[in-house]
Ligand SMILES: NC(=O)c1ccc[n+]([C@@H]2O[C@H](COP(=O)([O-])OP(=O)(O)OC[C@H]3O[C@@H](n4cnc5c(N)ncnc54)[C@H](OP(=O)(O)O)[C@@H]3O)[C@@H](O)[C@H]2O)c1
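Numbering (the working numbering), first residue to last: 623 to 905.
The following block contains the structure:
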């Protein structure tokens, strides 16, 4: 199978290229392909002639998106539309990666694939629009919603916590948002398993188990052997520009019903991430 991965310079894109390594895989970084350029996207998909495109490129700076909405809409809504159109022209399947932030986070239970979206931020609204455009353009798609993505290649919460924990002995971390930390080395192989099923539609894929950012920070410091005092604060106290869902937990309902294996519990995968990040964080 010939596979193209967009956003290959990002956290998930990097591990997707690894997950498809025994296929004929091409990873495209932003320098290789600007996914907001429709003509370039069509030409790239035509030239590589893939059976599958895994679209992992996105504008992921949730707070910056509030002040640069057009950039977020271009990358998160238009770009997946261009990729879907190019896949339709080239008869390729598309995996489109989306987010828990399409939900408002007010539910008292995990969100299923059948719950109505109600995004609260520019990032969430632009990602929800990207999903819609993929659905209406390309029947042969998998939309994969995930959450709290953590990988060894790129910026993320655990990387930041480890760096800060080496500089200070006390940090304040938000304790009223709950989600499922999801590790790119678990998610990328799960996407690969899904992509060969031929069962198109929307899927939630996250690591198992839930925690708050506060609990994740405490666990990361314990794992890294760093003695840092972690104080819980509220989302309001933290005061980020973009609203975040209080409940980000995604029920992996469709994966479970269709017999795909669950991803490991987050506590089982955290040690591997900390080990991979520790040398970088020490620098
Ligand atoms: N990070 C999370 O917590 C999270 C949570 C839920 C869902 N997701 C979704 O998961 C997917 C992967 O996220 P990630 O964590 O791997 O993000 P990431 O590390 O920020 O990777 C995204 C990549 O896309 C690239 N990109 C941005 N605009 C582009 C453009 N116009 N053309 C080509 N490439 C472009 C970025 O390049 P630059 O670095 O040069 O901008 C970056 O390499 C995204 O769809 C994201 O929405 C992420």
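Each residue gets a CB set at the ideal place from its N, CA and C atoms; glycine is no exception. Remember, predicted model here, so these are calculated numbers, not experimental data.
- Task: Go ahead and label residue 832 buried or exposed: buried means 16 or more other beta carbons lie within 10 angstroms of its beta carbon, across all protein chains shown.
- Result: Counting Cβ neighbours within 10 Å, residue 832 comes out buried, since at least 16 surround it.
- Would you kindly work out how many angstroms separate the C-alpha atoms of residue 755 and residue 739, rounded to a whole number? Rounded to whole angstroms, residue 755 to residue 739 spans 15 angstroms at the Cα level.
- Leaving aside the five residues before and after residue 652 along the sequence, list all residues of the same chain whose C-beta is less than 8 angstroms from its C-beta, in chain order. Around residue 652: 629, 631, 679.
- Item | CA-to-CA distance, residue 898 to residue 905, given in whole angstroms | Its pLDDT being 48, under 50, residue 905 is placed unreliably by the model, and nothing is read from it.
- Item | Assumed close pair residue 803, residue 772 - CB separation to whole angstroms, cut-off 8 angstroms | That belief holds up - the Cβ atoms of residue 803 and residue 772 are roughly 6 angstroms apart, short of 8 angstroms.
- Mind checking residue 753: buried by the 16 CB within 10 Å criterion, or exposed? So residue 753 counts as buried.
- Message: Could you tell me the alpha carbon to alpha carbon distance between residue 908 and residue 661, rounded to whole angstroms?
- Response: Outside the shown range of the chain (623 to 905) lies residue 908, about which nothing can therefore be said.
- Task: Just tell me which of 647, 672, 901, 703 has its CA closest to the CA of residue 749.
- Result: The candidate whose alpha carbon is nearest that of residue 749 is 703.
- CA-CA distance, residue 746 and residue 644? About 34 angstroms.
- Coil, strand or helix - residue 807 by DSSP: The answer is helix: DSSP assigns residue 807 an H, G or I state.
- Message: Can you tell me whether residue 701 sits near ligand 1, meaning its C-beta is under 7 angstroms from at least one heavy atom of the ligand?
- Response: It does: the Cβ of residue 701 is within 7 angstroms (strictly closer) of some heavy atom of ligand 1.
- Item | Where residue 711 falls, given that 16 or more other Cβ within 10 Å makes a residue buried | By the Cβ neighbour-count rule, residue 711 is exposed, with fewer than 16 other Cβ atoms within 10 Å of its own.
- Task: Would you mind reading off the limits of the beta strand (DSSP E) that contains residue 677?
- Result: Residues 674 to 677.
- Message: Please tell me whether, using a cut-off of 7 angstroms, the distance from the CB of residue 826 to the nearest non-hydrogen atom of ligand 1 is below it.
- Response: Residue 826 Cβ: outside cutoff for every heavy atom of ligand 1.
- Task: Consult DSSP for residue 792 and reduce its assignment to one of helix, strand or coil.
- Result: Three-state result, residue 792: strand.
- Would you call the stretch 655 to 670 and the stretch 795 to 810 in contact, with 3 or more CB pairs under 8 angstroms? Verdict: no, contact absent.
- Please indicate yes or no: does the CB of residue 739 lie closer than 7 angstroms to some heavy atom of ligand 1? Residue 739: no, Cβ never under 7 angstroms from ligand 1.
- My guess is that residue 835 and residue 795 are in contact by the Cβ rule of under 8 angstroms, so how many angstroms apart are they, rounded? Contact holds; Cβ gap of about 5 angstroms.
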